[in-house]
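**Q** I'd like to ask you about the structure that follows.
Protein chains: 2
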Amino acid sequence: MDTQDRPRRPTISDVAAAAGVSVKTVSRVINNVPSVRPELVEQVLASIGELGFRRNDMASSLRSGRRTATIGLIIGDLANPFYSTIAAVVAKVARSHDTYLITVSTEEDAELEQQQFLELCQRRVDGLIIVPAGSDHSYTRPEAEMGMRMVFLDRPPSGILADSVVIDNALGAQAGVEHLLAAGHRRIGVIADSLAIYTARERLNGARTALAQAGVSYDDSLVRVGVTHPEGAARCVADMLDSPDPPTAFFTGNNRITVGALGELHRRGHDAALLGFDDFELAALMPRPLTVIAYDVQELGRRAAERLFDRIGGDSSWPSESVINTRLVPRGLGLPRS
Amino acid sequence: MDTQDRPRRPTISDVAAAAGVSVKTVSRVINNVPSVRPELVEQVLASIGELGFRRNDMASSLRSGRRTATIGLIIGDLANPFYSTIAAVVAKVARSHDTYLITVSTEEDAELEQQQFLELCQRRVDGLIIVPAGSDHSYTRPEAEMGMRMVFLDRPPSGILADSVVIDNALGAQAGVEHLLAAGHRRIGVIADSLAIYTARERLNGARTALAQAGVSYDDSLVRVGVTHPEGAARCVADMLDSPDPPTAFFTGNNRITVGALGELHRRGHDAALLGFDDFELAALMPRPLTVIAYDVQELGRRAAERLFDRIGGDSSWPSESVINTRLVPRGLGLPRS
DNA sequence: TCCATGTGAGACAACGTTGTCTCGCTTTCG
DNA sequence: CGAAAGCGAGACAACGTTGTCTCACATGGA
Numbered sequence: 084m085d086t087q088d089r090p091r092r093p094t095i096s097d098v099a100a101a102a103g104v105s106v107k108t109v110s111r112v113i114n115n116v117p118s119v120r121p122e123l124v125e126q127v128l129a130s131i132g133e134l135g136f137r138r139n140d141m142a143s144s145l146r147s148g149r150r151t152a153t154i155g156l157i158i159g160d161l162a163n164p165f166y167s168t169i170a171a172v173v174a175k176v177a178r179s180h181d182t183y184l185i186t187v188s189t190e191e192d193a194e195l196e197q198q199q200f201l202e203l204c205q206r207r208v209d210g211l212i213i214v215p216a217g218s219d220h221s222y223t224r225p226e227a228e229m230g231m232r233m234v235f236l237d238r239p240p241s242g243i244l245a246d247s248v249v250i251d252n253a254l255g256a257q258a259g260v261e262h263l264l265a266a267g268h269r270r271i272g273v274i275a276d277s278l279a280i281y282t283a284r285e286r287l288n289g290a291r292t293a294l295a296q297a298g299v300s301y302d303d304s305l306v307r308v309g310v311t312h313p314e315g316a317a318r319c320v321a322d323m324l325d326s327p328d329p330p331t332a333f334f335t336g337n338n339r340i341t342v343g344a345l346g347e348l349h350r351r352g353h354d355a356a357l358l359g360f361d362d363f364e365l366a367a368l369m370p371r372p373l374t375v376i377a378y379d380v381q382e383l384g385r386r387a388a389e390r391l392f393d394r395i396g397g398d399s400s401w402p403s404e405s406v407i408n409t410r411l412v413p414r415g416l417g418l419p420r421s
Numbered sequence: 084m085d086t087q088d089r090p091r092r093p094t095i096s097d098v099a100a101a102a103g104v105s106v107k108t109v110s111r112v113i114n115n116v117p118s119v120r121p122e123l124v125e126q127v128l129a130s131i132g133e134l135g136f137r138r139n140d141m142a143s144s145l146r147s148g149r150r151t152a153t154i155g156l157i158i159g160d161l162a163n164p165f166y167s168t169i170a171a172v173v174a175k176v177a178r179s180h181d182t183y184l185i186t187v188s189t190e191e192d193a194e195l196e197q198q199q200f201l202e203l204c205q206r207r208v209d210g211l212i213i214v215p216a217g218s219d220h221s222y223t224r225p226e227a228e229m230g231m232r233m234v235f236l237d238r239p240p241s242g243i244l245a246d247s248v249v250i251d252n253a254l255g256a257q258a259g260v261e262h263l264l265a266a267g268h269r270r271i272g273v274i275a276d277s278l279a280i281y282t283a284r285e286r287l288n289g290a291r292t293a294l295a296q297a298g299v300s301y302d303d304s305l306v307r308v309g310v311t312h313p314e315g316a317a318r319c320v321a322d323m324l325d326s327p328d329p330p331t332a333f334f335t336g337n338n339r340i341t342v343g344a345l346g347e348l349h350r351r352g353h354d355a356a357l358l359g360f361d362d363f364e365l366a367a368l369m370p371r372p373l374t375v376i377a378y379d380v381q382e383l384g385r386r387a388a389e390r391l392f393d394r395i396g397g398d399s400s401w402p403s404e405s406v407i408n409t410r411l412v413p414r415g416l417g418l419p420r421s
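Protein sequences appear in the order of chains A and B. Just so you know, we're using our numbering here: the first sequence kicks off at 84 and counts up by one. Just so you know, we're using our numbering here: the second sequence kicks off at 84 and counts up by one.
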């Protein structure tokens, strides 16, 4: 008959009334302040149980000015296993710090990245881990100056000095191409993602370094860039194989490209060698077991998350760049055409 | 020299002081209330830009009592592609409702599920999507009664009446086993996850129905349950193949089990047929292309998220159970031993 | 000219919680 | 026995924002 029509959550003041104590005492009980008479503690706990009271964390963190116990993760696409692995390990580290994780996808759109960054700042997350989509991060500077902690992951930031954790793309790609060269290949097709992406640039550079050091002249017709989908990679492979002087091996710049290329080779029953950057779960089970440049994705996420919590914990040392090593996982190659 | 030592975020009161207006006027400008003189609007916006002001969303939603624009997703493990696909599509639907997503992993632990559920309620999320780990959800009832919206995904709740979205596990498994029977197999090994999991129970039931309807007597030695890892699945396959009267085909209850079983068959070069529940990206590229029971995981997540936002939007109709159909994707089987 | 009407903007309180201060009671010691 | 000290618990204000109310001033009609 009263204002019971919409169910309203009880507040500490309701609990206080029910237990016959002041709101502050309820607050003390909730926060385990020891200086409350055990008998009152019991009364209060009883009332809390009866009413189903649950503290409003938002009000609590507003008043206390402490952490919101939330961090944000800005990534390309949660459906991509690379990103979801990172999200999982970041969430795990966050949980060990009693912190929740808000994950947002930018779909590799720089504008969306900026928008979501600012929105997460409005929510007063305690910190942010960012896998950059855009190439200019000076927009983060005002927030950084006002105390927002952030760590860049997989790609370094530009326009701001901040922590980052990246993998050794160039050296990894170089090692991969060297492996193909050592197997006797001289015509090696290289397929890379958009060069707007830092990792794609670095990997292409590494591949070129290997070729140059082996004295193999650089052939433009054997390099394709801006390949973003497996289908595109398949077309590139088809295209190069149909050319007059086709490659005998392929170096593919990421797992999506590798899968697309593999599919095309599989369809054709072609025996060109294939070596890709990024490992993936089923690589060993492929029709042709795949040699890949692998690295510890979980370690990548873990280091970024731990760096972030160091910062949140008050670490104010000079920003650092942490580099994760890659390793070549040999699982066999197609034989070079002799 | 003043309290500038720790960078403090400006508040609307700082903006008001800078612009020479009242805090309420700043609030009006922020919220696009039209009844403010354009000249003042400009002043306020200028001050906002200068100070780098950004509204505190937590304070805003506390005061206004409106939504927190956050929903929670409670799943088993974000690193599992099934769950990350769901998380991605839920995040997408959420974003279209200007809402953020907090994802937590239970690691299939019922106690952790309950704990995280309650913590998310404390955060005053607007709603929750839950993939149950536990089998009793009566603990959610007090929260539901106080207005917490929730939708159960992949597995129905027990102990509470609430919306759910599930797939047709029994019928799918039945169709899968029928497919193996139609190919002439009579000795079919069935490997299932822990029967504490609803989907595993349902799928096993479906498999048994198919066997029973075909008049194949049920052989306990051909059924393994409680298999949670690919390694376990591999051991089951090895074990059954090494038995005196080995199966000629396997029905595997989920994608982890399928991968483990496939690996073992691959190692042995064994030609037993394999048909699994759950599709996975590379199934078509496997050494033996895999026939699977597939379903639209994205649709599963999408329906749950849309149902949740219906509820948040005020829909108070009777709770519904939405069922997603499965389909058999034939990609070939090993031939039965003749 | 005077009063009714309308409009823009400020004062104040409130959301649910916690930090600070105070106060009364008990304990202890000179 | 009185005063200092200690301790438990309440009153009050504040976190940053927005809802409600009020008021000053401008406008228009009688």
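By construction, the Cβ of each residue, glycine as well, lies at the ideal position given by its N, Cα and C atoms.
If you draw a straight line from the alpha carbon of Ser-326(A) to that of Ala-317(A), how long is it in whole angstroms?
**A** 14 angstroms
**Q** Have a look at Phe-136(A), Asp-209(A), Val-124(A), His-220(A) and flag the residue whose alpha-carbon is nearest the alpha-carbon of Val-392(A).
**A** A small correction: the amino acid at residue 392(A) is Phe; Val does not occupy that position in the sequence shown. Per the Cα distances, Asp-209(A).
**Q** Is there contact between the segment 121-132 of chain B and the segment 94-103 of chain B, where contact requires at least three CB pairs shorter than 8 angstroms?
**A** Touching, yes.
**Q** Do Leu-287(A) and Val-308(A) have their C-beta atoms within less than 8 angstroms of each other?
**A** yes
**Q** How about Gly-298(A) and Gln-257(A): do their beta carbons lie closer than 8 angstroms?
**A** no
**Q** Along the segment 132-165 of chain A, where does the CB come closer than 8 angstroms to a CB of chain B? Name the residues.
**A** Gly-135, Arg-137, Arg-138, Asn-139, Asp-140, Met-141, Ala-142, Ser-144, Leu-145, Thr-151, Thr-153, Asp-160, Leu-161, Ala-162, Pro-164
**Q** Count the other CB atoms within 10 Å of the CB of Ser-247(A); is the residue buried (16 or more) or exposed (fewer)?
**A** buried
**Q** Beta carbons nearer than 7 angstroms to chain A: which residues of the segment 216-234 of chain B have them?
**A** Pro-225, Glu-228, Met-229, Gly-230
**Q** Helix, strand or coil: how does DSSP classify Phe-360(A) here?
**A** strand
**Q** Report all residues from its chain with a CB closer than 7 angstroms to the CB of Cys-319(B); omit the five preceding and five following residues, and keep chain order.
**A** So the qualifying residues of the chain are Ile-274, Arg-307, Val-310.
**Q** Just the C-alpha distance for Ile-376(A) and Arg-394(A), rounded to the nearest angstrom, thanks.
**A** 31 angstroms
**Q** Looking only at DSSP bridge pairs, what is Thr-186(B) linked to?
**A** Leu-156(B)
**Q** Measuring CB to CB, does Leu-211(A) end up less than 8 angstroms from Gly-155(A)?
**A** yes
**Q** Going by DSSP in three states, Arg-390(A) sits in which element: helix, strand or coil?
**A** helix
**Q** Of the residues that make up the segment 325-358 of chain A, which ones have a beta carbon closer than 9 angstroms to any beta carbon in chain B?
**A** Val-342, Leu-345, Gly-346, His-349
**Q** Let's see if you can read the secondary structure: which residues bound the alpha helix (DSSP H) around Ala-177(A)?
**A** 164-179
**Q** Which residues in chain A have a C-beta closer than 7 angstroms to the C-beta of Met-369(B)? List them in chain order.
**A** Leu-368
**Q** Would you please verify whether the beta carbon of Cys-204(A) is less than 8 angstroms from any beta carbon of chain B?
**A** yes
**Q** Hey, is Ile-158(B) close to the ligand MG, as in C-beta under 7 angstroms from one of its heavy atoms?
**A** The model on display carries no ligand, and the ligand MG is accordingly not part of it.
**Q** According to the neighbour-count rule (16 or more other Cβ atoms, all chains shown, within 10 Å of its Cβ), is Gln-199(A) buried or exposed?
**A** buried
**Q** Using 8 angstroms as the threshold, is the C-beta distance between Ala-177(B) and Leu-184(B) below it?
**A** yes
**Q** DSSP on Thr-331(B), reduced to helix/strand/coil?
**A** Secondary structure of Thr-331(B) (DSSP, three-state): coil.
**Q** Can you find the residues in the same chain that come closer than 8 angstroms, C-beta to C-beta, to Glu-389(A), ignoring five residues on each side of it along the sequence?
**A** Val-176
**Q** Taking the C-alpha atoms as reference points, what is the distance between Ile-113(B) and Phe-136(B)?
**A** 10 angstroms
**Q** Taking Cβ positions, are Ala-216(B) and Thr-189(B) nearer each other than 8 angstroms?
**A** Their beta carbons are under 8 angstroms apart, which means Ala-216(B) touches Thr-189(B) by this criterion.
**Q** Can you have a look at Asn-408(B) and say buried or exposed, based on whether 16 or more other CB atoms are within 10 angstroms of its CB?
**A** exposed
**Q** Just to confirm my understanding: we take Asp-160(A), look at its own chain, exclude 5 residues before and 5 after, and list those with CB closer than 7 angstroms. What are they?
**A** Shown here for Asp-160(A): same chain residues with a beta carbon closer than 7 angstroms to its own, the five before and five after excluded, namely Tyr-166, Ser-188, Glu-190 in chain order.
**Q** In chain order, which continuous runs of the alpha helix (DSSP H) of length 4 or greater are located wholly inside the segment 117-152 of chain B?
**A** 121-134, 140-147
**Q** Starting from the Cα of Ala-174(B), find the closest Cα among Ile-157(A), Pro-239(A), Asp-322(A) and give me that residue.
**A** Ile-157(A)
**Q** Tell me which same chain residues have a C-beta within less than 7 angstroms of the C-beta of His-268(A), skipping the five on either side of it?
**A** Thr-331, Ala-332, Ala-356, Pro-419
**Q** Going straight from the alpha carbon of Arg-380(B) to that of Arg-111(A), what length do you get?
**A** First, the residue type needs correcting, since residue 380(B) is Val and not Arg in the sequence shown. Counting only the Cα atoms, Arg-111(A) lies some 46 angstroms from Val-380(B).
**Q** Just to make sure I have the definition right: I need the residues of chain B whose C-beta is within less than 9 angstroms of the C-beta of Ala-170(A). Which are they?
**A** In chain order: Leu-161, Ala-162, Ser-167, Ala-170, Thr-186.
**Q** Rounded to whole angstroms, what is the Cα-Cα separation between Ile-169(B) and Pro-121(A)?
**A** 47 angstroms
**Q** According to DSSP, is Thr-463(A) part of a helix, a strand, or is it coil?
**A** Chain A is shown from 84 up to 421; residue 463(A) falls before or after that span and cannot be answered.
**Q** Counting only beta-carbon separations shorter than 8 angstroms, does Leu-264(B) have a partner in chain A?
**A** no
**Q** Which residues does DSSP pair with Val-249(B) in a beta bridge?
**A** Val-406(B)
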